[in-house]
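Mind the numbering: the sequence shown is residues -24 to -1, 1 to 1142 in mature numbering (1 follows the signal peptide of the UniProt record, and there is no 0), read in order.
Note that CB positions come from ideal geometry on N, CA and C, so glycine has one too.
Quick caveat, the model's predicted, so the values are computed rather than measured.
Here is the structure we will look at.
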Amino acid sequence: MASSSGLLLKVVMWSTIFLSFTTATTSNSSSDQASSEAQALLKWKANFFFEEYELSSWNTSKTSSPCKWFGITCNKKGSITAISLSHMFLYGKLDDFSFSSFPNLARLSLTGNGLHGAIPAHIGALSKLTHLNLSWNDLHGKLPLALANLPQIVELDISFNYRIGELYPRLFTNWTKLTSLQLQSTGLSGSIPSEIGNLINLVQLDLSDNKLSGSIPLTLGDLSSLTTLFLHSNQLKSSIPSEVANLKNLVQLDLSYNNLIGPIPLAIGNCSNLVQLNLSYNNLIGPIPLAIGNCNNLVQLDLNYNNLRGPIPHAIGNCNNLVQLGLSNNFLSGPIPPAIGNCSNLVQLRLSNNFLSGPIPSAIGNCSNLSTLFLSFNTLSGPIPSTIGNCSNLSTLYLSNNNLSGPIPPAIGNCGNLVELGLSNNFLSGPIPYAIGNCSNLSTLDLSNNTLSGAIPPAIVSCSNLINLDLSINTLSGAIPPAIVSCSNLVQLGLSNNNLTGPIPPSLGNCSHLTTLSLSVNQLSGSIPPEIWSSTNLVELNLEDNNFSGQLPQGICKLGSLVQFTAGNNRFTGPILKSLTNCTYLHTIQLQGNLFVDNITEAYGVHPYLSHIDLSYNRFYGKLSPDLGKCLSLTSLQIQGNDISGVIPHELGQLIQLYQLDFSSNQLVGEIPLEIGSLLYLLHLDLSRNKLSGPIPEELGNCNSLKYLSLSNNYLIGKIPSQLDFIQENLNLSHNNLSGSIPFSIIYIISVDLSYNDLEGPIPYNLAAGYHGPKIFSHNKGLCGEVKGFPSCFPSPTSTGRTKKGHKVMISVIVSLCSTVFLACVIVSFLLFSRRKMRNTQIELRKRKNGDLLSIWNYDGMIAYEDIIKSTEDFDIKYCIGTGGYGSVYRAELPTGKTVALKKLNGLEGENPAYQKSFKTEICVLTEIRHRNIVKLHGFCSHQRCMFLVYEYMERGSLFCVLRNEIEAAELDWIKRVNIIKGVAHALSYMHHDCTPPIIHRDISSSNVLLDSELQAYVSDFGTARLLDPDSSNQTILVGTYGYIAPELAYSMIVTEKNDVYSFGVVTLETLMGRHPGDLLSSLSSSVGKTIMLKDVLDPRLSPPTDQLVAQDVVSVVMMALACLRSDPRSRPTMECVSREIVASRRPFPQPFHAISLGQLRELQM
């Protein structure tokens, strides 16, 4: 017994010793681990900058255990399991963080700090990590593959960092427990790996706001637990996979702002738990599927900015939980379904910019919670339903740009919360209802461009919060209510184009915020109250076409804020000009048709922004100031119908943007300054009815855009310059003292008047046989020709009315001429006869080689067919510089030293009737037209076995080749590119509108735009050109270059000038982009195209334009190109309009250049 007790005592003793040892060992181990983790944290802390005092607890002098430090959580053994340092303003890198020192770390949150650098690979040592949040930092670099070594990860958030790179497929192999993956706004690129389908427990996936491209992987359909899928704001380009319909737990689906194509999957209705569905800003096509009605939990449905077609399905009414419904900017048609009234929870309804028709359903009144309703830019008709008054929560209502008719319902006054009301551009009639005054919160009221009548209701002044009030273009009558001053917040007031009478109420001057006041085209009278000028913020004041009288005050621009001042066609008197000298920001000044009396000599200072001046038909006197030449932004200068004297200052030649100059009906003297020839964009020049003398300067021939030139009723002398051949429409040189003959170069001008001069010699046949009557040549010295009332230049001996002296002179001339010709013939015949034997062999050989060739039109009297053969060594391939639409192009240097280009059909092509027709078409076109920007034909040879054209050689080749040469493209700066576009526009405008019949090119492309040594543009290759016959259908086969052909030619073979307009739009974008626009053309009308920034499509080989004027030029040209590319040819501008607008004043854009999108430019009217 004692032995047993002793044994038991020994066992207990040794057990106690062993347990004590084990406990001590474990304690020591835990202590060592805690110490190691503490040291790792302190080492990391020493390598980053921080501001928060909380980290002062990280100090071993206060406590040896890190478990009591701020942001640290430990397990029972004292090992760190969680680190949470969110929003602590830590600045440093993760490289110095010893991840391997924390074997038990399960949660790491460092969100909202200033961490930078890459995520280190040794983060993979955290094998027990379940939650990792590194969002809202400055991390960059690719995601390390070591992240795949975190098999326990449940939530991973690295969102809102920079340049993370691509997603490696291997990352998705071990994350089987992952429920939340957030990588939005990290600069991800490349495609979404299909291996993402391995994350079978994923509930939330957010890859939005990146640069992901490619398609949406089908394997996403395997993520059956997914409730949130955000892929918006990427560059995905594919259809929406039908497998998405397998995600039956999906609550939020956002695929907006991508390049998605194809239809909305019909099975989308299987996602019956969807609350948010956003597919906006894509290129989706087809109808809205009926199955969308199965998603009756939907709160937000956004399909804006796509290419959806067909009707709005009635099943949409099943989604009675909808709060937001957006279907705007599509091609939806048909009526608005009355079932929309079932969506009684709707707060926002956007259906604008479609083709919806029919009436606005009265059931819309059931949506009593509506705050935003956009139905503008459709073809809705009928009245505005009175039930709209049930929507008492409405704050924004836009029904503009429809065909709505009838009165504005008084029930609109029930919408007392309205802030914006737009009913413009309809056919609404009747008075403005008094109940509008109940909408006291209105800030914008736009009722313009209707047929509203009656007086402006006094109740409108109850809308004291109004900022923008536009009632223009109606038939409103009566006076402007003086109580309008109650709208003291008014910024814009538009009352123009009505029948308003009476004076301007002085109280308007109390609207101190007013920037725009437009009262033009009314019957207002009286003087302008001085209180108006106290509105110090006034930028735009339009008073033209009224019955105003009296003098304008001298302090119009006390603070210099006025930008546009139009007061034309009134009865204003007295001086005015000096009061405008302080208007340093003035852009437009129009005072025409008044009774102003003032000295114009010192009237203007330097106005750097001044674009339009119209002082015509007043009583201004004095001399033109040279300072006008410092207004470098001037595009239109009109001072006709005054009493201006002195000379035309030569400084006007500095106004290189000028397109209209009219000094007619004044007392100007001296010669026409040569510097006017520097105005290359000038379209209209009228100096008639003055006292100008001297010759017509040849330099006017440099104004190659000129369409109208009138120098009549002056004292001009000398000859008519042959350089005036570029004038397109009107040339009036009558009532001068011009002498010499009529130059043949002006025969293509549409309207000419040369009467009352001292001209002599033959009247050019084209002028004589054209539409010009004999009166345009009357009262000259000795003109002759085939014009009624004028003698023939070669009269018969029996002609009456000739004196004997005249007979003798004529006979002497004829005899002398005949003798000279006869003698020359004898000499030439002798020389030819003496050389015939020498050349017979060569001629026979050449005939056997080329056939019986026709003669070629001589070039400068020096070129012959033999010179062509010799200079090209019989069209050797080494002289070939390109190929055209139906032949090859050769470079030939002639014996004279001049270089020409030859377009030659090959032998087989010459036997093809179609090619022969194209060849003859080009000859026909080029011999009939003459324009600075159209390639010049020098001659041709037309024979079945050898057919070629001789035309002007262009040193720089085609625009296509220049844009694709890195060195040459860099030489094409923005100014040169804009000038190239202008040249092509002027050429096409001439062909379409100044030729009879009009000529359609049908193959405008960058390959058919040639550039000379100075990079001026010339349109070439007229082999497919078509003369429009107004009496035929103008049907044709499809011709042109792929990528430039107008889309309507795919289904219609009717040739119109709008086909060329489209092609011109493509060439314009190609010139500015440096490459063919390609897919951009199809995306312009889509949601994606509208978000593309202008700066992102311009040629990256050039720096973005920094000069404001150049930038405005580029913006204007792109805006014009987008108008030319409209899908409906009827909505495209004419080339005449393009040509005019392209040289008109630059349009200042309200946003900086880098912030302008193609969508904004496309929505603007050209």
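Alpha-carbon to alpha-carbon, residue j and residue i
i, j, result
"Met967", "Asn570", "40 Å"
"Ser322", "Ile340", "The residue you asked about is not Ser; residue 322 is Leu in the sequence shown. Their Cα atoms are separated by approximately 10 Å."
"Leu514", "Leu490", "6 Å"
"Phe572", "Ile1118", "33 Å"
"Asp836", "Val1091", "Only weak support is given to the placement of Asp836: the predicted model assigns it a pLDDT of 41, under 50, and the question is left unresolved by the model."
"Trp509", "Ser416", "28 Å"
"Ser686", "Ser715", "17 Å"
"Ile192", "Ile48", "41 Å"
"Cys343", "Ser371", "13 Å"
"Tyr855", "Cys937", "18 Å"
"Trp833", "Asp1104", "Per-residue confidence for Trp833 stands at a pLDDT of 44, beneath the threshold of 50, marking its modelled position as unreliable; the derived number appears in the next sentence. In a straight line, the C-alpha of Trp833 is about 44 Å away from that of Asp1104."
"Leu495", "Tyr635", "28 Å"
"Pro740", "Ile696", "14 Å"
"Ser77", "Asn306", "58 Å"
"Ala1099", "Arg953", "19 Å"
"Ser609", "Ser1039", "31 Å"
"Ser965", "Leu939", "24 Å"
"Asn475", "Ile718", "52 Å"
Beta-bridge partners of residue i, as assigned by DSSP
i, result
"Asp278", "Asn254 and Gly302"
"Thr492", "Gln468 and Glu516"
"Leu668", "Gly646"
"Tyr67", "Phe25 and Gly90"
"Val876", "Ala868 and Glu928"
"Leu308", "Gly286"
"Tyr374", "Phe350 and Gly398"
"Asp446", "Asp422 and Gly470"
"His660", "Gln636 and Tyr684"
"Phe702", "Paired residues: none, contrary to the question."
"Phe331", "Ser309"
"Lys187", "Ser165"
Bounding residues of the beta strand (DSSP E) (the contiguous stretch that carries residue i)
i, result
"Tyr994", "Ala993 to Val995"
"Glu736", "Asp734 to Pro738"
"His588", "His588 to Asp590"
"Phe524", "Asn523 to Gln527"
"Ser85", "Arg83 to Ser85"
"Glu131", "Glu131 to Asp133"
"Ala946", "Run containing Ala946: none in the beta strand (DSSP E); it sits in the alpha helix (DSSP H), Glu942 to Glu947."
Residue span of the alpha helix (DSSP H) that contains residue i, given as start and end
i, result
"Ala1087", "Gln1084 to Cys1100"
"Thr1044", "Glu1033 to Met1049"
"Gly1019", "Taken as a continuous stretch (DSSP letters only), Gly1019 belongs to no alpha helix (DSSP H), as it is neither H nor E."
"Arg1138", "Leu1134 to Glu1139"
"Asp1072", "Leu1070 to Val1073"
"Ala58", "That residue, Ala58, is in no alpha helix (DSSP H); its beta strand (DSSP E) goes Ile56 to Ser60."
"Lys599", "Segment Tyr597 to Lys599 is the beta strand (DSSP E) holding Lys599; no alpha helix (DSSP H) there."
"Lys958", "Trp950 to His969"
"Leu935", "Leu935 to Leu939"
"Arg1116", "Met1111 to Ile1118"
"Ser1058", "Asp1055 to Ser1059"
Anticipated Cβ contact below 8 Å, residue i with residue j, distance rounded
i, j, result
"Ser464", "Asn444", "14 Å between Cβ atoms; not a contact."
"Leu442", "Leu466", "6 Å"
"Ser429", "Gly392", "With a Cβ gap of about 26 Å, Ser429 and Gly392 do not count as contacting."
"Glu520", "Asn545", "6 Å"
"Ser201", "Asn225", "6 Å"
"Ile268", "Gly238", "The pair is not a contact, with the Cβ atoms about 16 Å apart (cut-off 8 Å)."
Taking contact to mean 3 or more Cβ pairs, one atom from each stretch, closer than 8 Å, check whether the segment 298 to 315 and the segment 279 to 288 are in contact.
Yes: the two stretches touch, three or more of their Cβ pairs being nearer than 8 Å.
Within the chosen definition, does the segment 1086 to 1103 reach the segment 636 to 645 through at least 3 CB pairs nearer than 8 Å?
Cβ pair count under 8 Å is below three, so no.
Determine contact between the segment 1071 to 1082 and the segment 609 to 621, defined as no fewer than three beta-carbon pairs at a distance below 8 Å.
In short, these stretches do not touch, since the Cβ pair count stays below three.
With three or more beta-carbon pairs closer than 8 Å as the criterion, would you say the segment 674 to 691 touches the segment 702 to 714?
At 8 Å Cβ cutoff, the stretches touch.
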